[in-house]
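Heads up, the sequence shown is in the numbering used here, so the first residue is 2 and it goes up one at a time.
Read the structure below first, then the notes.
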Amino acid sequence: MILTTTPTVEGHTIVEYKGIVFGEVISGVDVFKDFSAGISNFFGGRSGTYEEELMKAREAALAEMEQRAAALGANAVVGVDMDYEVLGSNNGMLMVTASGTAVVV
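Rendered as structure tokens:
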């Protein structure tokens, strides 16, 4: 499966559009990870804890989008876009959404 942010796949011709596909992940950060990130915030520097959660959520969203495209008979997704939001009363949830157009090349 080819995933690309571009509207075309270089060297290939899009022969069929299957539709828009999404992958959504909502990930919670537990109290221990939140505490660890809070220490990084207080003293400065990067938060490896949050970065790891973000990476896992992004990979899961892309994998889900890819599975949905394959279920439609696509072999590529073009125009991939990633969106990130925080949710919850204390912003303790991370939402990552991947979207794109499933196509056959």
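Yeah, the Cβ is synthetic: ideal placement off N, Cα and C, and Gly gets one too.
Because the structure is a prediction, the values reported are computed rather than measured.
Quickly, what does DSSP pair residue i with across the bridge? List them, please.
i	result
residue 24	99
residue 88	94
residue 77	3, 104
residue 29	94
residue 83	99
Excluding the 5 residues preceding and the 5 following residue i in the sequence, name in chain order all residues of the same chain whose CB lies nearer than 7 Å to its CB.
i	result
residue 84	98
residue 86	96
Compute the beta-carbon to beta-carbon distance between residue i and residue j, rounded to the nearest angstrom, for a pair I have assumed lies under 8 Å.
i	j	result
residue 58	residue 78	In fact, because the Cβ distance is near 18 Å, the residues do not count as touching under 8 Å.
residue 24	residue 65	3 Å
residue 76	residue 3	7 Å
With 16 other CB atoms within 10 Å as the buried threshold, where does residue i fall?
i	result
residue 67	buried
residue 18	exposed
Measure the CB-CB distance between residue i and residue j and report whether it falls below 7 Å.
i	j	result
residue 13	residue 106	yes
residue 62	residue 26	yes
residue 69	residue 10	no
residue 53	residue 28	no
In chain order, what residues of the same chain have a beta carbon less than 8 Å from the beta carbon of residue i, not counting five sequence neighbours either side?
i	result
residue 88	27, 94, 95, 96
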